[in-house]
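Read through the structure below, which is laid out as structure tokens, and then see the notes.
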Amino acid sequence: MVFETKDGPFQALAPVNLDVTAGRFISLIGPSGCGKSTIFNIVAGLQPPTTGRVLIDGEDATGQIGRVGYMLQKDLLLPWRTVLDNVALGMEIQGMPIRQARERAHPYLARYGLGGFENQYPNSLSGGMRQRAALLRTLLLDNDVVLLDEPFGALDAQTKRQMQEWLLQIWSDFNKTVIFVTHDIDEAIYLSDEICVMGTRPGRIVKRMETPLERPRKRSIVVEPAFIDLKHHCLDLLDTRPEDSELEAAE
Numbered sequence: 001m002v003f004e005t006k007d008g009p010f011q012a013l014a015p016v017n018l019d020v021t022a023g024r025f026i027s028l029i030g031p032s033g034c035g036k037s038t039i040f041n042i043v044a045g046l047q048p049p050t051t052g053r054v055l056i057d058g059e060d061a062t063g064q065i066g067r068v069g070y071m072l073q074k075d076l077l078l079p080w081r082t083v084l085d086n087v088a089l090g091m092e093i094q095g096m097p098i099r100q101a102r103e104r105a106h107p108y109l110a111r112y113g114l115g116g117f118e119n120q121y122p123n124s125l126s127g128g129m130r131q132r133a134a135l136l137r138t139l140l141l142d143n144d145v146v147l148l149d150e151p152f153g154a155l156d157a158q159t160k161r162q163m164q165e166w167l168l169q170i171w172s173d174f175n176k177t178v179i180f181v182t183h184d185i186d187e188a189i190y191l192s193d194e195i196c197v198m199g200t201r202p203g204r205i206v207k208r209m210e211t212p213l214e215r216p217r218k219r220s221i222v223v224e225p226a227f228i229d230l231k232h233h234c235l236d237l238l239d240t241r242p243e244d245s246e247l248e249a250a251e
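Residues 1 to 251 in full-length UniProt numbering are what the sequence shown lists, from first letter to last.
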């Protein structure tokens with residue numbers, strides 16, 4: 001991916017091949033500026049790639065908006081709409097009548113921790129509850145692929161743990177393919193089937209690794225040798241200099 005700047009072409013991403021099996025949970029970790037958000041923008045159709053294609057279920061989806069669900073760190077709830085109407089918003093934009101969208105969304109609020117808050121407005125919700133509403137809005141778009149860009153980055157530690165548990169439950173229930181960006185290595189290991197470690201100058205995938213932990217997972221796995229070994233390996237990769245990444249990729 002190359003951007004034109006006043007100083008000439010800038011290569012933000014090296015060639016990236018990110019093949020994700022349906023139903024898997026993949027995390028991208030890496031330093032700021034390594035291209036994680038650029039990858040998301042390309043997959044979501046918001047940014048055309050310089051070269052290459054985006055394939056979803058074998059079909060070319062390059063530059064097509066609406067083929068994936070995309071949730072940013074900010075919940076972007078509309079303050080003048082109730083929680084129910086915020087959750088229903090995506091379906092309404094897709095053309096579903098508002099009454100039908102509300103009827104479809106309503107049972108999910110009760111099931112996933114927002115029961116009783118249907119008619120409240122976002123400013124009366126906690127950060128975790130706002131993120132629940134935003135994620136439900138994204139999932140109810142019925143896209144097979146969901147991109148989550150640091151959705152829990154602004155939450156306190158306790159709420160973040162609760163939201164991680166909630167996300168694993170809802171991912172299991174909805175059977176979506178999730179690509180998750182985070183700076184938290186523990187979070188990536190706990191949630192994911194696979195982890196992609198990225199490097200910079202230009203952005204690239206340095207290594208892709210399976211998470212050798214059975215599901216369902218308990219919090220106690222953070223002290224298991226497999227968890228600790230993988231965490232240390234990720235940290236080592238993140239500390240690798242760009243020239244060392246190039247050498248490893250070449251090998």
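Just so you know, even glycine gets a beta-carbon here, dropped at the ideal spot from N, CA and C.
Per DSSP, residue i forms a beta bridge with which residues?
| i | result |
| --- | --- |
| V2 | Q11 |
| S27 | F180, I195 |
| D60 | L55 |
Taking C-beta to C-beta, are residue i and residue j nearer than 8 Å?
| i | j | result |
| --- | --- | --- |
| L147 | Y108 | no |
| A22 | T138 | no |
| G203 | T159 | no |
| L77 | R130 | yes |
| residue 252 | E150 | Nothing can be reported for residue 252, as the shown portion of the chain is limited to 1 through 251. |
| L168 | L191 | yes |
| L125 | A105 | no |
| G63 | N143 | no |
| E194 | R208 | yes |
| R67 | G90 | no |
| I221 | L230 | no |
| I98 | A88 | yes |
Check each candidate in the options and name the one with the smallest Cα separation from residue i.
| i | options | result |
| --- | --- | --- |
| L114 | G153, D57, R201, L136 | L136 |
| G35 | I65, G45, V2, K6 | V2 |
| V16 | L238, P49, K6 | P49 |
| R81 | E4, N119, K231, L230 | N119 |
| I170 | I185, I189, A133, G153 | A133 |
| P122 | E103, Q94, N86 | N86 |
| L235 | R99, V43, D173, H183 | H183 |
| F174 | D19, E4, F25, K6 | F25 |
| L238 | R215, E210, I185 | I185 |
| I179 | F40, F152, P79, F117 | F40 |
| A61 | K218, M96, G95, I42 | I42 |
| R215 | H233, S172, G199 | S172 |
| V20 | V145, I189, Y112 | V145 |
| E210 | Q47, I189, K6, R219 | I189 |
At least one CB of chain C closer than 8 Å to the CB of residue i: is that the case?
| i | result |
| --- | --- |
| M96 | The chain inventory of the structure shown lacks chain C, comprising one protein chain alone. |
What are the complete alpha helix (DSSP H) segments, minimum 4 residues, inside the segment 148 to 213? As far as the segment 148 to 213 is concerned, its whole alpha helix (DSSP H) runs of at least 4 residues are 157 to 174, 185 to 191.
Report the residue ranges of all alpha helix (DSSP H) runs contained in full by the segment 89 to 158; include only those spanning at least 4 residues, in chain order. 98 to 111, 127 to 139
Count the C-beta pairs between the segment 155 to 166 and the segment 8 to 22 that are closer than 8 Å, then say yes if the count reaches three, no if not. no
Start-end ranges of the beta strand (DSSP E) lying completely within the segment 63 to 89, minimum 3 residues: 69 to 71
Using a Cβ distance threshold of 8 Å, determine whether the segment 30 to 37 contacts the segment 189 to 207, with at least three qualifying pairs required. yes
Pairing CB atoms from the segment 208 to 228 with CB atoms from the segment 53 to 60, are three or more of them under 8 Å? no
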